[in-house]
Amino acid sequence: MRLENRKVKNNLTLMLIALPGLILLIAFYYVPLLGWVYAFFDYKPGYNVWDCTFVGFKYFKAVIESDDLVRVMRNTFAISFLSLLTTPIPPLFAIFLSEIKNKKFQKFVQTATTLPNFISWIIIFSIAFLMFSVDGGMVNEFLLKWKLIDEPTNLLANSDAAWIFQTLLGLWKSLGFSAIIYFAAITSVDQELLDAASVDGAGRIARIRYITIPGLLPTYFTLLLISIGNILSNGFEQYYIFSNSIVGKEIEVLDVYIYNVGFYLNNYSLSTAFGILKILLSIALLFVANTLSKKLRGTAIL
Amino acid sequence: MKKKYKLKEITFQTFGCIFFIAFCILCIYPFYYIFIYSLSTPKEVQIHGITLLPLGFTLENYITIFQLEGILQSVMISASRAILGTIVTIVCSSMIAYVFTRQEFFARKFFYRLLVSALYVSAGVIPYYITMRAYGLKNNYLLYILPSAVIPYYVILIKTYMESISETLHEAAFIDGANYPTILFRIMLPLSKPILAAIGVFSAVNQWNSWYDNFLLVTNGKYQTLQLILLNFLNQADSISRQSNIDINQMKNFVLTPTSIRMTITMIAVIPVVCVYPFLQKYFVRGIMIGAIKG
Amino acid sequence: MKRFKKKVLALLLLVSLLMSMVGCSNTTNMEEGQTNENVSTTEAAEASKKPITLSIFGAPFATNFTSGKQDDPIAKAIEAATGITIDIDAQPDQTKWQTMLATGDLPDIIMIAQGSSAIDDVKPLIEGGLIIPLDDLLEQYGSDIKQSSSKMLEYSKKYVSNQTDELYFLLGFQEESPKQFIWEVAPNVRWDYYAELGYPEINSAEDWLNVVEEMVNAHPTNEDGKKVYGFSPWFDWGLWSFNVAGDIIHGLEGKGINAGFLGDTDMVTEKPINQGILSDDSSIIKGIRFFYQANRRNLIDPDAFQKYDNALEKYAANRVMSCIVNWVYQTPNALFQAEGKTTSGYLPLPVNSSAYYMDSVGQFGQISRGYAISTNCEEPERAMELLNYIFSYEGSRTLLSGIAGQDYQEIDGKLVLNQDIIAAQQSDSNFSLKTGIQKYYNYVGLGSSAIDPKYNQPVNLFMTPEAFQTQLNGLTEDYCNHYDVSYPAEVMYDRLTTMYQDASLGGFAPATPDDLKEIEGNAELYLNNEVMRLVLAQDDAEFDAVLEEIRAHLIKLGVEKVIAFKTQAADEALAKRAELIGE
Numbered sequence: 302m303r304l305e306n307r308k309v310k311n312n313l314t315l316m317l318i319a320l321p322g323l324i325l326l327i328a329f330y331y332v333p334l335l336g337w338v339y340a341f342f343d344y345k346p347g348y349n350v351w352d353c354t355f356v357g358f359k360y361f362k363a364v365i366e367s368d369d370l371v372r373v374m375r376n377t378f379a380i381s382f383l384s385l386l387t388t389p390i391p392p393l394f395a396i397f398l399s400e401i402k403n404k405k406f407q408k409f410v411q412t413a414t415t416l417p418n419f420i421s422w423i424i425i426f427s428i429a430f431l432m433f434s435v436d437g438g439m440v441n442e443f444l445l446k447w448k449l450i451d452e453p454t455n456l457l458a459n460s461d462a463a464w465i466f467q468t469l470l471g472l473w474k475s476l477g478f479s480a481i482i483y484f485a486a487i488t489s490v491d492q493e494l495l496d497a498a499s500v501d502g503a504g505r506i507a508r509i510r511y512i513t514i515p516g517l518l519p520t521y522f523t524l525l526l527i528s529i530g531n532i533l534s535n536g537f538e539q540y541y542i543f544s545n546s547i548v549g550k551e552i553e554v555l556d557v558y559i560y561n562v563g564f565y566l567n568n569y570s571l572s573t574a575f576g577i578l579k580i581l582l583s584i585a586l587l588f589v590a591n592t593l594s595k596k597l598r599g600t601a602i603l
Numbered sequence: 628m629k630k631k632y633k634l635k636e637i638t639f640q641t642f643g644c645i646f647f648i649a650f651c652i653l654c655i656y657p658f659y660y661i662f663i664y665s666l667s668t669p670k671e672v673q674i675h676g677i678t679l680l681p682l683g684f685t686l687e688n689y690i691t692i693f694q695l696e697g698i699l700q701s702v703m704i705s706a707s708r709a710i711l712g713t714i715v716t717i718v719c720s721s722m723i724a725y726v727f728t729r730q731e732f733f734a735r736k737f738f739y740r741l742l743v744s745a746l747y748v749s750a751g752v753i754p755y756y757i758t759m760r761a762y763g764l765k766n767n768y769l770l771y772i773l774p775s776a777v778i779p780y781y782v783i784l785i786k787t788y789m790e791s792i793s794e795t796l797h798e799a800a801f802i803d804g805a806n807y808p809t810i811l812f813r814i815m816l817p818l819s820k821p822i823l824a825a826i827g828v829f830s831a832v833n834q835w836n837s838w839y840d841n842f843l844l845v846t847n848g849k850y851q852t853l854q855l856i857l858l859n860f861l862n863q864a865d866s867i868s869r870q871s872n873i874d875i876n877q878m879k880n881f882v883l884t885p886t887s888i889r890m891t892i893t894m895i896a897v898i899p900v901v902c903v904y905p906f907l908q909k910y911f912v913r914g915i916m917i918g919a920i921k922g
Numbered sequence: 008m009k010r011f012k013k014k015v016l017a018l019l020l021l022v023s024l025l026m027s028m029v030g031c032s033n034t035t036n037m038e039e040g041q042t043n044e045n046v047s048t049t050e051a052a053e054a055s056k057k058p059i060t061l062s063i064f065g066a067p068f069a070t071n072f073t074s075g076k077q078d079d080p081i082a083k084a085i086e087a088a089t090g091i092t093i094d095i096d097a098q099p100d101q102t103k104w105q106t107m108l109a110t111g112d113l114p115d116i117i118m119i120a121q122g123s124s125a126i127d128d129v130k131p132l133i134e135g136g137l138i139i140p141l142d143d144l145l146e147q148y149g150s151d152i153k154q155s156s157s158k159m160l161e162y163s164k165k166y167v168s169n170q171t172d173e174l175y176f177l178l179g180f181q182e183e184s185p186k187q188f189i190w191e192v193a194p195n196v197r198w199d200y201y202a203e204l205g206y207p208e209i210n211s212a213e214d215w216l217n218v219v220e221e222m223v224n225a226h227p228t229n230e231d232g233k234k235v236y237g238f239s240p241w242f243d244w245g246l247w248s249f250n251v252a253g254d255i256i257h258g259l260e261g262k263g264i265n266a267g268f269l270g271d272t273d274m275v276t277e278k279p280i281n282q283g284i285l286s287d288d289s290s291i292i293k294g295i296r297f298f299y300q301a302n303r304r305n306l307i308d309p310d311a312f313q314k315y316d317n318a319l320e321k322y323a324a325n326r327v328m329s330c331i332v333n334w335v336y337q338t339p340n341a342l343f344q345a346e347g348k349t350t351s352g353y354l355p356l357p358v359n360s361s362a363y364y365m366d367s368v369g370q371f372g373q374i375s376r377g378y379a380i381s382t383n384c385e386e387p388e389r390a391m392e393l394l395n396y397i398f399s400y401e402g403s404r405t406l407l408s409g410i411a412g413q414d415y416q417e418i419d420g421k422l423v424l425n426q427d428i429i430a431a432q433q434s435d436s437n438f439s440l441k442t443g444i445q446k447y448y449n450y451v452g453l454g455s456s457a458i459d460p461k462y463n464q465p466v467n468l469f470m471t472p473e474a475f476q477t478q479l480n481g482l483t484e485d486y487c488n489h490y491d492v493s494y495p496a497e498v499m500y501d502r503l504t505t506m507y508q509d510a511s512l513g514g515f516a517p518a519t520p521d522d523l524k525e526i527e528g529n530a531e532l533y534l535n536n537e538v539m540r541l542v543l544a545q546d547d548a549e550f551d552a553v554l555e556e557i558r559a560h561l562i563k564l565g566v567e568k569v570i571a572f573k574t575q576a577a578d579e580a581l582a583k584r585a586e587l588i589g590e
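Protein sequence lines, in the order shown, are assigned to chains X, Y and B. Sequential numbering of the first sequence, starting at 302, is according to the working numbering. Sequential numbering of the second sequence, starting at 628, is according to the working numbering. Sequential numbering of the third sequence, starting at 8, is according to the working numbering.
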């Protein structure tokens with residue numbers, strides 16, 4: 302009896318602690334979802350939504366039947382897949398850096414590598430243009446000067462290299478900043494264990510392999526699963542800004558496509574339908590990945 | 628054996644340093660370029676271009692920015708939301724993260740799934756506007772603080788980190804008669820300083836660079852954020868290009884902002900990190916855990 | 008516990024800091040406000056009206072300022088005349104507009120001005136009860152409007168009222184024949200090099216390409232030794248570059264056309280004359296072919312396929328010989344003058360046509376400058392007073408030309424702008440922010456060329472031939488001497504009998520049904536993605552093949568229905584306009 306009371310009391314306390322957060326979560330993330338109702342009507346801003354014609358799944362069908370969707374989804378999945386391949390790089394970077402003896406150097410590198418994260422994509426484009434433009438781009442000037450190539454390359458308008466180019470750009474921009482999480486996580490790796498291991502004769506690689514990496518795995522997998530859920534959301538700015546008349550078709554990812562459709566068709570209901578399908582698909586991806594993780598690794602994030 | 632070991636070590640350290648220096652150059656040079664661009668005379672640099680040194684050293688870009696209407700007030704607003712918002716975010720997010728680490732919490736799975744799903748959820752502009760308005764957050768400073776108080780991504784990070792803290796600590800504390808709030812505030816939070824510092828950086832940077840909430844919902848001149856004032860200053864040419872019905876006579880009246888100003892604005896966006904991050908880096912150093920376990 | 012106290016203290020400090028910031032909010036505003044004491048003395052008497060503030064959301068602005076209550080000299084003049092302080096959103100935007108419509112959160116006065124959908128907003132605003140009918144208010148408070156805008160009022164009641172025959176919208180920017188100092192859309196080339204070549208005639212796309220090629224061959228690098236290109240077009244504005252280039256070429260060939268990718272409109276007959284991309288002689292096809300041929304001749308900057316901003320840099324660096332518009336050359340033109348090379352620079356060449364698109368003119372006002380008073384307005388009478396001022400000759404003139412007695416004087420019954428103001432407008436890039444003159448350019452009731460019967464002069468005193476003549480510099484003077492005119496655009500005005508597109512036709516035309524709008528939207532989206540394949544084609548065979556493919560796909564999408572509708576709609580619109588004018 303006493304034990305049960307205690308259990309209830311504990312749960313109550315926990316609930317109280319969680320309550321502010323839960324209220325905020327629901328208020329700002331879930332309540333606005335009532336707006337999904339727009340996708341089921343022929344909504345035009347200015348009218349009360351309930352007065353508009355009810356069209357059921359008309360716009361959802363329009364989404365699935367759209368011609369460009371196949372191409373856009375192909376772009377989206379390709380670019381996201383390449384991104385996922387780069388996810389081990391931040392933790393490895395963090396581990397490698399933490400092995401450097403000079404602490405001051407470590408801190409310097411940590412700060413310096415976060416700088417690209419703050420440069421907005423518009424500026425990154427300006428710099429990329431400076432580097433890679435055909436006429437006067439630094440890279441081309443350099444290569445031509447040293448006779449490594451005969452004709453200047455046009456990397457920014459190269460539709461074959463577009464996916465890899467964008468992935469590398471994304472990596473450069475986010476590496477230092479993503480590594481911050483791993484710097485924090487590395488501190489939670491038990492220092493005593495590491496010392497003991499090195500006394501026992503374990504070399505650097507062994508220590509990293511058997512102690513540090515396992516210590517980082519929970520964080521890594523959590524972030525990986527989250528990224529899988531984000532496959533459909535590559536982000537709008539990067540691909541919109543680097544889009545030009547030549548590579549546009551290759552890097553038009555879902556977010557950019559939704560924006561373009563919204564712009565040319567000016568149909569709010571259609572855009573909402575797109576958004577809903579994207580969200581549902583993302584959550585589904587997450588749960589699938591989670592189940593797989595449970596089966597393969599034994600743990601899951603949910 | 629020892630000699631071989633030392634050689635290996637030196638090679639490793641040297642190789643490592645070279646690699647990191649190279650990568651740092653890759654990260655710093657573009658930034659350096661932006662910096663010297665912002666110090667160059669706009670007309671000159673537009674025509675001639677620069678590589679390593681500014682062209683015609685001038686502070687006029689910064690002066691133009693600082694003379695923008697309402698800029699000083701907006702700096703106050705952005706700075707305050709970065710500080711206040713971050714504090715609120717850290718407190719609220721870690722509270723709920725802690726509860727999620729407790730296996731005994733009855734609705735743990737359900738609420739956690741709710742949280743994680745929220746990562747992907749976004750309602751669209753009009754519902755967002757209507758909801759914020761309904762909560763009375765239109766033209767209200769709290770708009771900058773409350774909606775970002777709980778950010779699913781941060782909560783997940785904190786929870787993951789807290790779970791790496793040994794459970795024995797918890798049990799020991801219970802035996803000593805502590806209750807949940809005490810454990811949270813006296814033990815878990817101090818031990819989680821590294822991840823909280825990381826989140827502090829993320830949150831402060833996000834708050835400093837935020838402008839969309841301002842754009843849509845705050846027209847009161849007192850509450851304008853720095854980024855919005857800067858962005859408005861920039862956006863003329865961009866916004867024109869997005870109209871499908873471009874009226875030529877509109878176009879020629881628009882004053883086009885030189886790249887110099889864009890570069891200057893980037894410099895301003897980076898300030899919080901370059902100022903704040905070094906102070907938080909001490910939390911990313913090993914050794915915090917040692918004291919905890921022994922204690 | 009000590010740490011906890013420290014934290015609380017820090018928090019309190021922050022909160023108090025915040026409070027103080029919020030408290031001393033209006034320091035910047037107040038400082039600026041107090042220095043503006045230049046109120047017209049004659050209108051000071053009327054300022055005895057109770058001062059109120061009205062909020063406005065409308066057309067975009069050309070300059071950047073902070074939203075809120077305005078205190079520039081022109082805003083102060085409005086206050087003096089009406090007792091009303093204007094609180095205006097400085098960055099009106101499609102998204103904001105939609106959210107306002109969705110919640111009914113409209114400010115006191117609105118203007119339907121967002122992009123091409125202005126006419127679409129009429130129905131929901133009226134049916135949703137979001138705006139009020141203005142007939143009674145007009146009677147009591149709109150005497151100046153009745154005097155200056157009788158045609159507009161009739162038009163608005165019949166055609167911009169959702170068939171209710173009530174007055175809801177006051178359409179601004181009414182004018183008949185705006186004139187500019189220099190016009191933009193033309194083959195713009197380097198004037199001194201053109202003189203070198205002996206002012207060759209340009210009567211076709213081929214001629215234009217030839218002349219530019221010769222110029223590039225004669226001067227392959229600029230002063231810095233950097234390579235020069237013939238053209239550096241930008242293609243991130245959708246189909247705009249092609250449409251405009253096509254119109255220019257039509258002009259060179261002697262025809263006045265206003266391009267549309269699904270059908271060009273003839274400036275003279277005002278009817279669609281072809282099927283746009285589906286026809287072979289449409290502006291868009293001519294434009295696409297033009298850039299295709301320029302590309303084959305290697306006249307195009309290889310980086311031209313990036314963005315507008317990058318293109319601008321090339322123009323600024325004096326590295327592009329020709330462009331379809333003139334504003335890109337502001338920097339090099341100014342630099343040449345400063346360096347003393349007064350006859351160097353880039354100018355538009357005239358076309359030998361009697362019809363050419365120079366401007367879109369609203370004789371009944373522009374629907375996309377349509378003012379309305381929202382139901383949220385608590386003082387609709389005062390709102391109407393403000394609108395009355397804006398639509399009066401004095402009001403529009405103040406917005407466009409400045410304050411009477413201060414910025415312009417009355418001399419011998421004519422109004423003359425002060426020389427220093429004219430000079431400042433040319434040289435100071437912050438002119439409209441500082442003086443407020445033309446800051447509210449898009450908000451006038453009467454357009455620049457509307458003639459004030461009292462003085463028989465246009466309300467925009469900057470846009471009179473007299474004012475133009477004071478703006479000449481070495482380059483434009485040389486140009487005027489060659490063509491024997493007193494200001495550059497006069498060359499065209501002398502040749503043209505048809506130069507304005509009637510903006511009012513939009514109101515007469517039937518509303519486009521949703522399904523056709525969808526087809527048009529999808530067609531434009533598709534064409535935007537595919538058009539570069541035509542420009543980059545390697546030879547004529549490829550060009551034709553790709554064009555076939557594109558046309559087939561567009562037909563499959565259903566564009567022929569849209570084209571048919573547009574033709575029919577144009578006929579209807581013309582008939583209705585004839586009715587209205589005939590009355």
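Ideal placement from N, C-alpha and C gives every residue a C-beta, glycine not left out. Here the structure is a predicted model, which means the values were calculated and not measured.
Can you pull the chain Y residues whose beta carbon is under 8 angstroms from the beta carbon of tryptophan 473 of chain X, in chain order?
-> Listed along chain Y are Leu653 and Cys654, each with a C-beta nearer than 8 angstroms to that of tryptophan 473 of chain X.
Under 8 angstroms by Cβ, that's how I've got isoleucine 557 of chain B and glutamate 531 of chain B pegged, so tell me the actual separation to the nearest angstrom.
-> About 12 angstroms separates the two Cβ atoms, so there is no contact after all.
So with Cβ pairs under 8 angstroms, would you call alanine 87 of chain B a contact of chain Y?
-> no
Anyone know if the C-beta pair for tyrosine 162 of chain B and phenylalanine 371 of chain B falls short of 8 angstroms?
-> yes
Which first and last residues belong to the alpha helix (DSSP H) in which tyrosine 755 of chain Y is found?
-> 752-761
Length at least 4, wholly inside the stretch 668-710 of chain Y: the alpha helix (DSSP H) runs in chain order = 669-675 and 687-693
Proximal residues, the stretch 424-439 of chain X versus chain Y, C-beta separation under 7 angstroms = Ile424, Ser427 and Ile428
For alanine 485 of chain X versus tyrosine 788 of chain Y, is the C-beta distance shorter than 8 angstroms?
-> Cβ distance < 8 angstroms, so alanine 485 of chain X and tyrosine 788 of chain Y count as in contact.
Using a Cβ-Cβ distance under 8 angstroms, would phenylalanine 268 of chain B count as near chain Y?
-> Not an interface residue.
Could you give the DSSP three-state label for aspartate 254 of chain B: helix, strand or coil?
-> helix
Residue ranges of each beta strand (DSSP E) within the stretch 92-137 of chain B, 3 or longer = 116-119
In the DSSP assignment, what are the bridge partners of glycine 377 of chain B?
-> In the DSSP assignment, glycine 377 of chain B forms a beta bridge with B:Ile119 and B:Leu178.
Below-8 angstroms beta-carbon distance, isoleucine 547 of chain X vs any chain B residue = Under the 8 angstroms criterion on CB atoms, isoleucine 547 of chain X is classed as interfacial with respect to chain B.
List in chain order: all unbroken beta strand (DSSP E) runs of 3+ residues lying wholly within the stretch 192-261 of chain B.
-> If only uninterrupted beta strand (DSSP E) runs of at least 3 residues are considered, those enclosed by the stretch 192-261 of chain B are 195-197 and 236-238.
Using CA coordinates, which residue listed in B:Glu86, B:Leu393, B:Ile189 and B:Ser361 is at the minimum distance from aspartate 151 of chain B?
-> B:Leu393
Please classify asparagine 535 of chain B: is it buried, with 16 or more other beta-carbons within 10 angstroms of its beta-carbon, or exposed?
-> buried
Can you give the beta carbon distance from leucine 178 of chain B to methionine 391 of chain B, rounded, assuming they're within the 8 angstroms contact cut?
-> With 8 angstroms as the limit, leucine 178 of chain B and methionine 391 of chain B do not qualify as a contact, their Cβ atoms being about 15 angstroms apart.
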